[in-house]
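Protein sequences appear in the order of chains A and B. The numbering of the first sequence is our numbering, which starts it at 2 and goes up by one. The numbering of the second sequence is our numbering, which starts it at 13 and goes up by one. The beta-carbon is built from N, C-alpha and C at its ideal position, and this holds for glycine as well.
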Amino acid sequence: KNQVEQSPQSLIILEGKNCTLQCNYTVSPFSNLRWYKQDTGRGPVSLTIMTFSENTKSNGRYTATLDADTKQSSLHITASQLSDSASYICVVSAPSGTYKYIFGTGTRLKVLA
Amino acid sequence: EAGVVQSPRYKIIEKKQPVAFWCNPISGHNTLYWYRQNLGQGPELLIRYENEEAVDDSQLPKDRFSAERLKGVDSTLKIQPAELGDSAVYLCASSSRTGGVYEQYFGPGTRLTVT
């Protein structure tokens, strides 16, 4: 069964600190992996997209890594800000015509002042 | 460029009543998705359209849910009759192909509360 599991389920850190979120998947075949940020009351917004041939992708203070062999990804947030408080969702795409997306349950991050 | 537009943003109805959600995707996006997101969970796909054709509706509870995208642009999702368990956020998304990868854009969602 194609699954995407994220950890931790929730995380609280102090402003300015770094953190790393994890994503493990069993989706096969695999097309690409995305990290989304979802603010409360909003739809998810894409942070990074990585194909199976890429092992790192950065977007400002967000850096995603991918190990296609172990089927693991991580999202590292550097120098966290209060505005980073959100849910971070890992999404794996399995080729199926024009793509099928399998969503993780997300990690809820709270950044405190 | 306008993003994905959804309406209404919030809806409260009593169980057994009908409800409809509307979505206008980003101009030029042929693929449109409806997702349901329960509290604390990731979105679950309900239906995916390529233009006006529903190409994946395997997760749509067809006894009470229906969707249409008549002209291949905007779309409506209907629930009739609604049940308490239908309370969730209903997200619409559309996608385009950028550099060989399909980029998916989400609307703000409609939060449905069934009482």
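Within-9 angstroms CB hit, residue i to chain A
| i | result |
| --- | --- |
| residue 29(B) | no |
| residue 86(B) | no |
| residue 81(B) | no |
Own chain, CB closer than 8 angstroms to residue i, minus 5 neighbours either side, in chain order
| i | result |
| --- | --- |
| residue 86(B) | 34, 35, 36 and 37 |
| residue 111(A) | 11, 12, 13, 14 and 86 |
Whole-Å CB distance - residue i paired with residue j, under 8 angstroms assumed
| i | j | result |
| --- | --- | --- |
| residue 88(A) | residue 107(A) | 4 angstroms |
| residue 24(A) | residue 75(A) | 7 angstroms |
| residue 43(B) | residue 60(B) | 7 angstroms |
Cβ-based neighbour list, residue i, same chain, cut-off 7 angstroms, excluding 5 preceding and 5 following
| i | result |
| --- | --- |
| residue 102(A) | 92 and 94 |
| residue 103(B) | 47, 49, 55, 118, 119 and 121 |
| residue 41(B) | 106, 107 and 108 |
Chain B within 9 angstroms of residue i, Cβ atoms only
| i | result |
| --- | --- |
| residue 99(A) | Model confidence at residue 99(A) stands at a pLDDT of 49, short of 50, so the residue's coordinates are unreliable; what they give is reported in the following sentence. For residue 99(A), the answer is yes, since a Cβ of chain B falls inside 9 angstroms of its Cβ. |
| residue 104(A) | yes |
| residue 86(A) | no |
Exposure label - residue i; buried when at least 16 CB within 10 Å
| i | result |
| --- | --- |
| residue 68(A) | exposed |
| residue 105(A) | buried |
| residue 29(A) | exposed |
Sequence-distant residues of the same chain with beta carbon closer than 6 angstroms to residue i, five excluded per side
| i | result |
| --- | --- |
| residue 26(B) | 127 |
| residue 130(B) | With chain B running from 13 to 127 in the structure shown, residue 130(B) is simply not present. |
| residue 50(A) | 33 and 35 |
| residue 73(A) | 25 |
- Task: Could you please tell me which residues of the region 60-76 of chain A, in chain order, have their CB closer than 9 angstroms to any CB of chain B?
- Result: Residues of the region 60-76 of chain A whose Cβ lies closer than 9 angstroms to any Cβ of chain B: none.
- Query: Which of the residues in the region 42-62 of chain A, read from start to end, lie with their CB under 8 angstroms from any CB of chain B?
  - Reply: If you check each beta-carbon in the region 42-62 of chain A against every beta-carbon of chain B, the ones closer than 8 angstroms belong to 42, 43, 44, 45, 46, 47, 50 and 52.
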